[in-house]
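The next block holds one structure in the form of structure tokens; read it before the comments.
Residue numbers (the numbering used here): 6 to 164.
Here is the structure:
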């Protein structure tokens, strides 16, 4: 094996003065994604968190507010306000469990389902414009890097 191959495969530490400013990069990326999504969903009188909640409901079938609070970066009281707004718009339906009346299950209504599909198409179009000129390889590298950082975070905060 050549020295060059060995170096390519070896895990190298980046000198501290060359460490990327992860917070700044993530902030800029989050801004581009979040504000773009906000613009895409504004015609529906929604905010991105509404959409994320609706998408989780679609993916899971039914979900509790507690589960939503674990999946989204907001506290339980904000989740409650968001759910109330979505229920008032007729996009989600609440159902209390008979076995435990304290637990409220959330499910998309048919209108909510249609809206999520429509908004999802708009978001995919936006993501396509946002990633224009980014190769599939670059996206795979980005996704793998992001997953490693998230895994490191989760490992640091377990226990």
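Every residue gets a Cβ at the ideal spot worked out from N, C-alpha and C, and that includes glycine. It should be emphasised that the depicted structure is a prediction, and the values quoted were computed from it without experimental measurement.
- Message: Buried or exposed, going by whether 16 or more other CB atoms sit within 10 Å of the CB of residue 58?
- Response: buried
- Query: Looking at C-alpha atoms only, which residue of 109, 81 and 56 is the closest neighbour of residue 68?
  - Reply: 109
- Going straight from the alpha carbon of residue 138 to that of residue 102, what length do you get? 49 Å
- Task: Can you grab the Cα-Cα spacing for the pair residue 84 / residue 70, in whole Å?
- Result: 7 Å
- Return the chain-ordered list of same chain residues with a C-beta closer than 6 Å to the C-beta of residue 29, the five sequence neighbours on each side being excluded. none
- Item | Closest by C-alpha distance to residue 45, when choosing among 88, 32 and 127 | 127
- Note down the Cα distance separating residue 162 from residue 155, rounded to an integer number of angstroms. 11 Å
- Go through its chain and collect everything with a Cβ distance to residue 66's Cβ below 8 Å, but skip five positions before and after it. 112
- Report all residues from its chain with a CB closer than 8 Å to the CB of residue 88; omit the five preceding and five following residues, and keep chain order. 58, 70, 73, 97, 99 and 111
- Query: Using the beta-carbon count (16 or more within 10 Å), is residue 54 buried or exposed?
  - Reply: buried
- Message: Suppose only complete runs of 4+ residues qualify. What are the alpha helix (DSSP H) ranges in the segment 37-106, listed by chain order?
- Response: 53-65, 70-76 and 81-93
- Query: For residue 61, which residues of its own chain have a beta-carbon under 7 Å away from its beta-carbon, when the five flanking residues on both sides are left out?
  - Reply: 68, 73 and 76
- Query: If we call anything under 9 Å between Cβ atoms a contact, is residue 114 one with residue 90?
  - Reply: no
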